[in-house]
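As they're listed, the protein sequences go chains A and B. Per the UniProt record's numbering, the very first residue in the first sequence carries number 1; after that it's consecutive. Per the UniProt record's numbering, the very first residue in the second sequence carries number 1; after that it's consecutive. C-beta: ideal position from N, C-alpha, C; glycine also. What follows is a single structure, written as structure tokens, with notes after it.
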Amino acid sequence: MEPQFILAKAKDEEIAKKGECGGAVSALFKYLLDQELVDGVLTLTLGDDVYDGIPTLLETSEDIIETCGSLHCAPTMFGDLISKQLADMSLAVSVKPCDAMAINELEKRHQINGDTIYKVGLNCGGTVMPITARKMIEMFYDVEPAEVVAEEIDKGKFIIELEDGTHKSVEIDELEEKGFGRRENCQRCELKIPRNADLACGNWGAEPGWTFIEIVTEKGKDLVENANKNGYLDVKTPSKKAIAIREKIEGVMIKLAHKFQDKYLDESYPAPENWDEYWNRCIKCYACRDVCPLCYCNECDLEKDFYSSENEIAPDPLTFQGVRLSHMSFSCVNCGQCEDVCPMEIPLARIYHRMQKKYKDETGFVAGVSEELPPLYSPEKG
Amino acid sequence: MKIAHSICPSCSVGCGVNLIIKNQEAVGTYPYKRHPVNQGKNCKKGRDSFRILNEKRLKNPLMRKGGLQQVNWDEALDVASSQMKSYSAHEIGIITSGSLTNQEYETLKRLAASMGVENIGYNAGNFHSFDFETANLDDVENSSTTLIIGDVLKENPLLGRRVILAHENGAEIITVDLASATLTGINSDEYLQLDSISELSAELDKLLPKLNESSTVLIKELETVVEFENILPKLRESGAKILPVLEECNSRGAMNHLPALSKDDLKEILEKVKLLYVVGDDPASYLNESMKNLEFLITQDYLLTETVLMSDVVLPGSSWAEKSGSLTSTTGQTQEISKIVESPGKARDDETIMIELAKKMGLD
């Protein structure tokens, strides 16, 4: 269906105030739980502080108010949490584009039942690792990280808010040049508006106190219309100018992503000797495989003993990393989790993303977005 | 489903780990990226740590009546306490490991003191008690020259990660070990293979000129306490920051509360006492011969071990995510853990068991 653009906000005053940009997403969740259209809502809650986002399963709508507000220092992945722990529940999920990409691939492989999931997409310019955020706030903002009550990424700046209401901001470019800022895979990611979800919500093109929603699917359309009809959501039409501004911002972000793709996947891509140094560190902990939302084989080839040799100190990259690369690199959605969890700081997401990009250029298959499975896909090998 | 913060119990680095809880059971782990020690990264042991809660668990008190039989708590505690009262203080030994919480060590210490028992301590491996300020993780990451004794990258990967980061920043890494090649060795600038650990002290003399205030020394692998005694003074003199990498999640906490027992110390105690109360250690697996003369063995643990199998009374305790308290990592950082799941079956909280024993003995 043709995309529809609306501005929305929660009718409930408390949610509208506490929620991000008028709390439209929270209002949609409340509607779904109240009407028992889903068993649960999977979203993020604030843990110990603004740097601590914890995936939370809500089963009653009273709890929604606790989860309002967005967190930019919480690089979580919901895809495999759903497929491994919540596959038997009907859910509504708040999804960053990478979550939506993982779910898209898992749906195609029958690990998640798409009919029972509402994907409420969130626009995303990228997330920041919690400890990186704390370090950069001390270094660049000259602020005690504990004093930050809220943070935001807007107009190319990372903005922090302190308790007294003052804001401080630094250009993301400046942060990233010095090795801080967003995660590297986020810098490279070109899916900023999750059109692979049912709705894409965010503040680009929005007015203060309102969320801009792009309605992507019929399911998303019904959700918004019914939430509105039942008194949970206020809607109005955005101006043509707002829509144009949003499109422009998206264009700029995608261009930026291409620049970073060139940087990380080409210009400063590690040479083979560097990769050998990285592979020497591998402790064969399987963290990369375990955290990858797309790796779910019950019997994983990486554990077969014919792939390892006796007395090996570090695994042979060809029969360890190489096997996983050959099985699923073409499906890689560049969520970056593998790199996040590697104890030995091996830049894994780069090699997988580079391979996926080559595959995409050859076949047109965009992991996490295309409706079909990858060409030459074999069900045995992911 | 719930995701709860905790601290991994698998080694002494003190990594954060999230537990995935479903229907009050730990079903998996999830990256805890906010934790400053490891930022969401865990080794295989860390990611598998939820299994510790679910495997080989002792769920009922046991007593030896021919073979080991299930009994109720009253009977087990009655028999254990009356046996403890029937021996004089110097005939009783209390042995623990580095896996209890600080609060449990304090309670155990108080119990021993009120019983007048002096043969008490924890299995400290090859590290005697020490008191100086040790290197912390940031020191390791910012070190300019790092000397590593043992295979830290393999045994404690998240500590190894700090070495890797230091290396990426230009640090010189020197590793000493016994095998012809090790994981830490292949990632070092210099690898020295020794024929035996006794050569360490001499080899160290050659390396000392490289060490100064901006260096760190990680000591993981030693074969005897003697080696630790020999090298420590020299290393301290060099001005380098030293980090003994202790074995268990709260070995350092144990060190702060109880006497550190080497294998020889443990052997001595096992051979001279008549009643032994073991809390969370498995001496039968490494000093079985020395336990032959014990008249009565009481074991308190959460899982089935060799020591449990040869005990007269078995008191089922709790495992890491089933208790609240604090653990002190090998760098001296004390972190809180909270109870996340219930102990299985009739197993109880360890501190509670100690207090119940004290009550039954009429102690304070």
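Worksheet item: Listed in chain order, which residues of the segment 74-88 of chain A have Cβ atoms closer than 9 Å to some Cβ of chain B?
Response: Listed in sequence order: A74, P75, T76, M77, L81, K84, Q85, L86.
Worksheet item: From the beta carbon of A:I313, is the nearest beta carbon of chain B less than 9 Å away?
Response: Taking the first residue of the first sequence as position 1, residue 313 of chain A is located at position 313. Interface flag for A:I313 against chain B is set, since a Cβ pair is found closer than 9 Å.
Discussion item. With a threshold of 8 Å, are at least 3 pairs of Cβ atoms found where one atom belongs to the segment 245-253 of chain B and the other to the segment 263-278 of chain B?
Written reply: Between the segment 245-253 of chain B and the segment 263-278 of chain B there are fewer than three C-beta pairs closer than 8 Å, too few to call the two in contact.
Discussion item. With a threshold of 9 Å between beta-carbons, can residue 370 of chain B be considered close to chain A, or not?
Written reply: Missing from the structure shown is residue 370 of chain B; chain B here goes from 1 to 364 and no further.
Discussion item. Using the three-state DSSP reduction, which class does B:M63 fall into: helix, strand or coil?
Written reply: Taking the second sequence and counting its residues from 1, one reaches residue 63 of chain B at position 63. B:M63: strand per DSSP, three-state reduction.
Discussion item. Taking contact to mean 3 or more Cβ pairs, one atom from each stretch, closer than 8 Å, check whether the segment 292-310 of chain B and the segment 107-122 of chain B are in contact.
Written reply: At 8 Å Cβ cutoff, the stretches do not touch.
Worksheet entry | Test: A:Q337 CB closer than 9 Å to a CB of chain B | Residue 337 of chain A sits at position 337 when you count from the first residue of the first sequence. Using a CB distance cut-off of 9 Å, A:Q337 counts as an interface residue toward chain B.
Worksheet item: Quick one, which of A:F365, A:L71, A:E372, A:M344 has its alpha-carbon nearest B:V163's?
Response: Counting from 1 along the second sequence, the entry for residue 163 of chain B is found at position 163. Checking every option, the nearest Cα to that of B:V163 belongs to A:M344.
Discussion item. Does any residue of chain A have a CB that is nearer than 9 Å to the CB of B:Y191?
Written reply: Counted from its first residue, the second sequence places residue 191 of chain B at position 191. The C-beta of B:Y191 comes no closer than 9 Å to any C-beta of chain A.
Discussion item. Quick check on the burial criterion: 16 or more other C-beta atoms within 10 angstroms. Buried or exposed for A:V149?
Written reply: For the purposes of this step, residue 149 of chain A is taken as residue 149 along the first sequence, with counting starting at 1. A:V149 is exposed by the Cβ-count criterion.
Practice prompt. Measure the beta-carbon distance from B:L287 to B:L261 and round it to whole angstroms, keeping in mind my assumption that it falls under 8 Å.
Written response: The sequence position of residue 287 of chain B within the second sequence is 287, counting from 1. The sequence position of residue 261 of chain B within the second sequence is 261, counting from 1. Contact flag wrong, Cβ pair sits at about 11 Å.
Practice prompt. Mind listing the chain A neighbours of B:V27? Cutoff is C-beta to C-beta under 8 Å, in chain order.
Written response: Within the second sequence, residue 27 of chain B is the residue found at index 27, counting from 1. Correct list: Q85.
Fill in: Three-state secondary structure (DSSP) of A:A92
Against the first sequence, residue 92 of chain A aligns to sequence position 92. Under the three-state reduction of DSSP, A:A92 is assigned to strand.
Practice prompt. Pull up the distance between the alpha-carbon of A:D290 and that of B:M361, whole angstroms please.
Written response: Working through the first sequence from its first residue, we reach residue 290 of chain A at position 290. Working through the second sequence from its first residue, we reach residue 361 of chain B at position 361. Straight-line Cα distance between these residues: approximately 50 Å.
Discussion item. Please give the ranges of any beta strand (DSSP E) in the segment 53-88 of chain A, keeping only runs that are unbroken, at least 3 residues long and fully inside the region.
Written reply: Fully enclosed beta strand (DSSP E) runs of 3 or longer: 53-58.
Worksheet item: Any idea if A:F306 is buried or exposed, counting beta-carbon neighbours within 10 angstroms, 16 or more meaning buried?
Response: Here residue 306 of chain A refers to the residue found at position 306 when the first sequence is read from its first residue. Of the residues assessed, A:F306 falls on the exposed side of the cut-off, its CB having fewer than 16 other CB atoms within 10 angstroms.
Discussion item. With a threshold of 9 Å between beta-carbons, can B:E168 be considered close to chain A, or not?
Written reply: As a working mapping, residue 168 of chain B is identified with position 168 in the second sequence. Residue contact check for B:E168 against chain A: a CB pair falls below 9 Å.
Discussion item. Rounding to the nearest angstrom, what Cα-Cα distance links A:D198 and B:L158 in this structure?
Written reply: Locating residue 198 of chain A in the first sequence gives position 198, where the first residue counts as 1. Locating residue 158 of chain B in the second sequence gives position 158, where the first residue counts as 1. Each residue's alpha carbon lies about 40 Å from the other.
Worksheet item: Straight-line CA distance for A:A200 to A:T67?
Response: Position 200 of the first sequence holds residue 200 of chain A. Position 67 of the first sequence holds residue 67 of chain A. Here the C-alpha atom of A:A200 lies approximately 19 Å from the C-alpha atom of A:T67.
Item to complete: Return the chain-ordered ranges of every alpha helix (DSSP H) run that is complete within the segment 147-187 of chain B and spans a minimum of 4 residues.
Response: 152-155, 157-168, 183-186, all fully within the segment 147-187 of chain B.
Worksheet item: Is the CB of B:K154 under 9 Å away from at least one CB in chain A?
Response: Along the second sequence, one-based indexing puts residue 154 of chain B at 154. Yes - at least one Cβ of chain A is within 9 Å of the one on B:K154.
Worksheet item: So, does the CB of A:T56 fall closer than 9 Å to a CB anywhere in chain B?
Response: As a working mapping, residue 56 of chain A is identified with position 56 in the first sequence. Yes, because at least one Cβ of chain B sits closer than 9 Å to the Cβ of A:T56.
Worksheet entry | Cβ-based burial, A:N104 [other Cβ within 10 Å; buried from 16] | Against the first sequence, residue 104 of chain A aligns to sequence position 104. The residue in question, A:N104, is buried, as its Cβ has 16 or more Cβ neighbours within 10 Å.
Item to complete: Tell me, please, whether the CB atom of A:G19 is closer than 9 Å to any CB atom in chain B?
Response: As a position in the first sequence, residue 19 of chain A is number 19, starting the count at 1. Chain B contact via Cβ: absent.
Discussion item. For the structure I just gave you, are there three or more beta carbon pairs, one from the segment 28-37 of chain A and one from the segment 239-258 of chain A, closer than 8 Å?
Written reply: When Cβ pairs closer than 8 Å are counted between the two stretches, the segment 28-37 of chain A is seen not to touch the segment 239-258 of chain A, the count staying below three.
Worksheet item: For B:N54, which residues in chain A fall below 9 Å Cβ to Cβ?
Response: By 1-based counting over the second sequence, the position of residue 54 of chain B is 54. What B:N54 touches in chain A: nothing, since even the nearest Cβ is about 16 Å away.
Discussion item. If we require 3 or more residues per run, which beta strand (DSSP E) segments fall completely within the segment 225-269 of chain A?
Written reply: The segment 225-269 of chain A contains these whole beta strand (DSSP E) runs: 233-236.
Worksheet item: Around the C-beta of B:Q83, are 16 or more other C-beta atoms found within 10 angstroms, so that it is buried, or is it exposed?
Response: For the purposes of this step, residue 83 of chain B is taken as residue 83 along the second sequence, with counting starting at 1. Buried is the call here.
Discussion item. Once DSSP output is grouped into helix, strand and coil, what is the label at A:T217?
Written reply: Locating residue 217 of chain A in the first sequence gives position 217, counting from the first residue. Here A:T217 carries a coil assignment [DSSP, helix/strand/coil].
Worksheet item: Should B:N250 and B:Y87 be called a contact, given that it needs their Cβ atoms to be closer than 9 Å?
Response: Numbered from its first residue, the second sequence carries residue 250 of chain B at position 250. Numbered from its first residue, the second sequence carries residue 87 of chain B at position 87. Judged by beta-carbon spacing, B:Y87 lies beyond the 9 Å limit of B:N250, meaning their Cβ atoms are not closer than that value.
Worksheet item: Tell me which same chain residues have a C-beta within less than 6 Å of the C-beta of B:D312, skipping the five on either side of it?
Response: Position 312 of the second sequence holds residue 312 of chain B. Sequence-distant partners of B:D312 (beyond 5 residues in either direction) whose C-beta falls short of 6 Å from its own C-beta, in its chain, are R64, F296, L297.
Fill in: is_contact[A:D305, chain B] using C-beta, thresh 9 Å
The residue given as residue 305 of chain A occupies position 305 in the first sequence. No, no contact with chain B.
Worksheet entry | Beta carbon of B:N230 nearer than 9 Å to that of B:S201 | Within the second sequence, numbered from 1, the residue matching residue 230 of chain B stands at position 230. Within the second sequence, numbered from 1, the residue matching residue 201 of chain B stands at position 201. Yes, these two residues count as a Cβ contact at 9 Å.
Fill in: Beta-carbon contacts of B:I197 that lie in its chain and below 8 Å, excluding the five residues immediately before and after
Walking along the second sequence from the start, residue 197 of chain B turns up at place 197. A distance below 8 Å between beta-carbons, with the five flanking residues on each side excluded, links B:I197 to the following residues of its chain, in chain order: L178, E221, L222, E223, T224, E227.
Discussion item. Please confirm whether B:M84 has its beta-carbon closer than 9 Å to some beta-carbon of chain A.
Written reply: Working through the second sequence from its first residue, we reach residue 84 of chain B at position 84. So, not an interface residue.
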